[in-house]
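Under my numbering, the residue at position 462 of the sequence shown is numbered 1041, and the numbers go up by one with no gaps.
Ideal Cβ positions, reconstructed from N, Cα and C, are used throughout, including at glycine.
A short write-up of the structure that comes next.
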Amino acid sequence: KVTGTTPSQTTSAQSVAGSVPLKATDSLANNVGSTEATSAQIEQATTATEVNPGDWAYQTLKGLQAKYNCSNNTSTGDRVLSREEFATSLNGCVQSMEQLVARRRKPVKKKRRATPAPSVVTPPPTPEIAPPPEPILPPAPVAPPAPVEPEVSQQDLDQVKQLVQSFSTELQGLDTRLQALDAKITEVKDKSFSTTTKLKGEAIFAISGLAGGPSDATRTTIFSDRVRLNFNSSFTGKDSLLVRLQSRNSNSFGGSATTSAAKTNQARLGFEGSDENNTTLGRLQYKLPLSDQTNVFVEAVGSELNDNYETFNPEHQSAGTGSISRFGRFSSIYRLNNEGAGFGVEQKLSPNLGLVLSYSVPRVATPGVGGTAPETVNSPTQGNGLFNGSNTLFSQLTLKPSDNLKLGLAYARTYNSTGTGVSGNNGTNFANNPFSSAAGAGNRPTTADHYSLLASTNLSPNLILSGWGGYTQARRQDAAGKADIWEYALTLAAKDFGGKGNTLGFVAGMQPKLTSNSGDTAARVDAVSGLNFEAFYKYKVSDNLSITPGLLLLTNPENKSGPAEYLGTIRTTFTF
580 KVTGTTPSQT
590 TSAQSVAGSV
600 PLKATDSLAN
610 NVGSTEATSA
620 QIEQATTATE
630 VNPGDWAYQT
640 LKGLQAKYNC
650 SNNTSTGDRV
660 LSREEFATSL
670 NGCVQSMEQL
680 VARRRKPVKK
690 KRRATPAPSV
700 VTPPPTPEIA
710 PPPEPILPPA
720 PVAPPAPVEP
730 EVSQQDLDQV
740 KQLVQSFSTE
750 LQGLDTRLQA
760 LDAKITEVKD
770 KSFSTTTKLK
780 GEAIFAISGL
790 AGGPSDATRT
800 TIFSDRVRLN
810 FNSSFTGKDS
820 LLVRLQSRNS
830 NSFGGSATTS
840 AAKTNQARLG
850 FEGSDENNTT
860 LGRLQYKLPL
870 SDQTNVFVEA
880 VGSELNDNYE
890 TFNPEHQSAG
900 TGSISRFGRF
910 SSIYRLNNEG
920 AGFGVEQKLS
930 PNLGLVLSYS
940 VPRVATPGVG
950 GTAPETVNSP
960 TQGNGLFNGS
970 NTLFSQLTLK
980 PSDNLKLGLA
990 YARTYNSTGT
1000 GVSGNNGTNF
1010 ANNPFSSAAG
1020 AGNRPTTADH
1030 YSLLASTNLS
1040 PNLILSGWGG
1050 YTQARRQDAA
1060 GKADIWEYAL
1070 TLAAKDFGGK
1080 GNTLGFVAGM
1090 QPKLTSNSGD
1100 TAARVDAVSG
1110 LNFEAFYKYK
1120 VSDNLSITPG
1130 LLLLTNPENK
1140 SGPAEYLGTI
1150 RTTFTF
């Protein structure tokens, strides 16, 4: 590494030699033997392809480094150097000697001529009074002497001139490289996006197809996309303002059991969502670290618990590179805020123990339609706002007993003014809307307590086993009614399978299932158990491109006895 930039290394050395008529009192004789190189030595230094520790040039430069303390970052050490490496070290020593000469040549200030003092009339002498004896004080501490800088001798300058002449080609090349580096740095600064903001993007293209299932299911193939541009800004170096612009056109195979293509809510891809490719503000979040142990999150839109907190499913959780299904990414408890608005605190209690508290206002789905209404947190009308409408209170305790094991206990208390999305829009229609007896029958205000046990362990450096189990107890608020909902899953990820950066993943489990119900909706219960099986393989083409084929198998779709349903996709993900 070259410290500093000089217009011409040869000119610099010559200026040092020609402008300093100093005493030749302290040469390099004590360090390197002869102070004057022979013509043979100079010829050998000029023509050699590398510089060995026993060469004249090597020993001469090593002596200069020791005498003038110019070995920082440019030390030759005791190894064979290329001519370019030697020129870099020589350049550092030339600069150090230049600085020393400059300090020695500071102008001397002229002394002012003394002005004679005016004559003073001497008063008559006064009687002498003996002064009191002075107290004996300890001697004052003596400051250590300032370090004495060596003088640059003429013999040393002559040796520098000989070295510069022998390595003039490499020094000129070094100067050229420095100028090119300066030009590149200037170009990067001129073209940089922002000094406070970094852009990170992701684009997903997918071909997906549905087959099997009930006789009225739609066998179809679609081509869809999702694009996200994340602008991450920091104003203190530790805080983070995230602004996400999103454009997507990936319609769902799932949804209503009467109107969707799959005739079940369980057939949903992990990256789905459609704005007809209109660009929208997908997320607005500010993260402020109050200390090394405390982080505060404030989100105005696009709040997602899985983006902020541990989900215990590391290789499956990403929509772009993880599981292809919505259910296989993580527990449904992380879906309850439904991209709304809110705030949260993450507290690290110890190196192995963490606590999360979060409050959010979710988006509220329209009953009987399956769509999504605008979030209600910004509306001052009755039944809306930050505290008067639907809300989610979430907490999580994370325990890390060892480097290879993580355990979690999550709890959420929710109120939904319409009674929809009770299971985070995963699982069956009954599990998400337990108390509406018919589509469009009206709102069924519902409260629910959600519990989830989670774990993830590294069976080996490249093999990760994760899983979760969840229970929800929902209660109807406008009439008598109580419902129990269960879910579980087990996932396995093999990292670097078949190549560096590749991942082979599996998911097996049961999506949220309504097992019991009471009140006037007692018949609204999932009759049989349908299972979710998934396999995917993420193939890393490059650092910015991956291709993931995957297959989702649903037995007894919508938890009704019937033929299995298959959902396959080939997902291509670009990151930049």
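In three-state DSSP terms, what is residue i?
i: phenylalanine 1112; result: strand
i: glycine 1129; result: strand
i: leucine 757; result: helix
i: glutamine 975; result: strand
i: isoleucine 1043; result: strand
i: glutamate 1066; result: strand
i: valine 924; result: strand
i: leucine 1032; result: strand
i: threonine 1148; result: strand
i: leucine 750; result: helix
i: proline 959; result: coil
i: proline 1136; result: helix
i: lysine 763; result: helix
i: serine 937; result: strand
i: asparagine 1037; result: strand
i: glutamate 629; result: strand
i: arginine 1054; result: strand
Quick check on the DSSP output: the beta strand (DSSP E) that includes residue i runs from which residue to which?
i: asparagine 828; result: 819-829
i: alanine 1087; result: 1082-1096
i: phenylalanine 876; result: 873-882
i: asparagine 856; result: Unbroken run through asparagine 856: none, as it is neither H nor E.
i: alanine 1010; result: Run containing alanine 1010: none in the beta strand (DSSP E); it sits in the alpha helix (DSSP H), 1008-1011.
i: asparagine 1022; result: Segment: none, asparagine 1022 is in no beta strand (DSSP E) and carries neither H nor E.
i: glycine 1079; result: Sequence check: residue 1079 is lysine here, not glycine. Taken as a continuous stretch (DSSP letters only), lysine 1079 belongs to no beta strand (DSSP E), as it is neither H nor E.
i: tyrosine 913; result: It is not in any beta strand (DSSP E) - tyrosine 913 carries neither H nor E in the DSSP assignment.
i: lysine 842; result: Per DSSP, lysine 842 belongs to no beta strand (DSSP E) and is neither H nor E.
i: asparagine 995; result: 984-995
In the DSSP assignment, the alpha helix (DSSP H) including residue i goes from what residue to what residue?
i: glutamate 677; result: 662-683
i: tyrosine 888; result: Run containing tyrosine 888: none; DSSP gives neither H nor E here.
i: leucine 640; result: 635-647
i: alanine 624; result: 618-626
i: leucine 742; result: 733-745
Can you say whether residue i is buried or exposed, counting buried as having 16 or more other CB atoms within 10 angstroms of its CB?
i: proline 1013; result: buried
i: proline 1136; result: buried
i: glycine 987; result: buried
i: alanine 608; result: For alanine 608, the pLDDT reaches just 34, beneath the cut-off of 50, and the residue's location in the model is therefore unreliable, although a value from the coordinates is still provided. Its Cβ having fewer than 16 others within 10 Å, alanine 608 is exposed.
i: arginine 942; result: buried
i: aspartate 754; result: buried
i: glycine 957; result: In the sequence as displayed, the identity of residue 957 is asparagine instead of glycine. Label assigned to asparagine 957: exposed.
i: aspartate 871; result: exposed
i: asparagine 857; result: exposed
i: valine 767; result: exposed
i: lysine 531; result: No answer is possible for residue 531: the residues shown for the chain start at 580 and end at 1155.
i: leucine 1038; result: exposed
i: aspartate 1099; result: exposed
i: arginine 1150; result: buried
i: serine 618; result: exposed
i: alanine 762; result: exposed
i: proline 1091; result: buried
i: glutamate 728; result: exposed
Quick check: is the beta carbon of residue i nearer than 7 Å to any beta carbon in chain B?
i: aspartate 818; result: Reference to chain B is not applicable here, since this structure consists of a single protein chain.
One question on the structure: do residue i and residue j come within less than 7 Å of each other, judged by their Cβ atoms?
i: alanine 1027; j: threonine 993; result: yes
i: asparagine 828; j: glutamate 851; result: no
i: threonine 1148; j: alanine 785; result: yes
i: alanine 790; j: glycine 849; result: no
i: alanine 1058; j: phenylalanine 1085; result: no
i: serine 937; j: serine 969; result: no
i: lysine 985; j: asparagine 931; result: no
i: serine 1031; j: alanine 989; result: yes
i: serine 819; j: asparagine 809; result: no
i: isoleucine 1164; j: serine 1002; result: Because the chain here runs from 580 to 1155, residue 1164 falls outside it and cannot be looked at.
i: tyrosine 913; j: leucine 867; result: no
For a test of your reading of the model: does the CB of residue i fall under 6 Å from any non-hydrogen atom of the ligand FAD? Yes or no.
i: alanine 1059; result: You won't find the ligand FAD in this model; it holds no ligand whatsoever.
| message | Give the list of continuous beta strand (DSSP E) stretches no shorter than 3 residues that lie fully inside the segment 766-819. | response | 776-791, 799-812
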